[in-house]
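Beneath this line is the structure, given in structure tokens, with notes to follow.
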Amino acid sequence: MIHFLFFCCLPGVGLGLEVRQSPSELITKSGDNVQIFCNHNKTDYYVMLWYQRSPGDTAMKLIGYLYNSADTMESAYKDKFNISGNLGGSTAKNGSLTIKVKGSEEDAVYYCAARETH
Ligand SMILES: *[C@@H]1O[C@H](CO)[C@@H](O)[C@H](O)[C@H]1NC(C)=O
Ligand SMILES: *[C@@H]1O[C@H](CO)[C@@H](O)[C@H](O)[C@H]1NC(C)=O
Ligand SMILES: *[C@@H]1O[C@H](CO)[C@@H](O)[C@H](O)[C@H]1NC(C)=O
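Those letters in the sequence shown? Residues -16 to -1, 1 to 102, per mature numbering (1 follows the signal peptide of the UniProt record, and there is no 0), in order.
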């Protein structure tokens, strides 16, 4: 079975911040592990949040977030998703989301967002 994953970008809350996600789309198979990256240059933003929006659903669901290098996962997403990166220090930020693609539940659009603190 083939799965389609799309990625897009949410700006930082309240700012015209450019957040870049790569790649922008992926076609995967069940059993694949995919890693997507999100980066921006807002050096004092220490939180990166990841969201999932499923087809036919208007709500964006929080998968989890990274604060410095500590991840907090929502329990519904713990088994199939990992968030990693190190947002500490005053450098450009680069975090990632790893998705273990099991079935069509992972066909979705994934968003990252950046925030100063939580
Ligand atoms: C961050 O800055 C670097 C160097 O100026 C630039 O190449 C890169 O495109 C910027 N990234 C974003 C997401 O704006
Ligand atoms: C983010 O990190 C990954 C691996 O750690 C690297 O391959 C990628 O080039 C980095 N992206 C940026 C914009 O620094
Ligand atoms: C996330 O990390 C845990 C522990 O390092 C690992 O057991 C799990 O397979 C990882 N999940 C994904 C989707 O990479």
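Even for Gly, the Cβ is constructed at its ideal location relative to N, Cα and C.
Nothing here was measured: the structure is a model prediction, and the numbers come from that model.
Per DSSP, the continuous beta strand (DSSP E) segment holding residue 35 begins and ends at 31 to 37.
Here residue 77 is buried. Its C-beta has 16 or more other C-beta atoms within 10 Å.
Taking a cut-off of 8 Å for Cβ pairs, the stretch 82 to 97 and the stretch 2 to 15 touch, as three or more such pairs fall below it. Secondary structure note for residue 49: its beta strand (DSSP E) is the uninterrupted segment 45 to 51. Annotated three-state conformation of residue 74 is coil, per DSSP. According to the DSSP assignment, residue 94 belongs to the beta strand (DSSP E) that extends over 92 to 99.
Beyond the five residues adjoining it in sequence on each side, residue 32 comes within less than 7 Å, by CB distance, of 22, 49, 50, 69, 71, 77, 79, 96 and 98 in the same chain, given in chain order. Contact between residue 81 and residue 65 is confirmed by a C-beta separation of about 6 Å, below the 8 Å threshold. Look at which beta carbons fall closer than 6 Å to any heavy atom of ligand 2; those residues are 21, 23 and 78. When secondary structure is reduced to three states using DSSP, residue 89 falls in the helix class.
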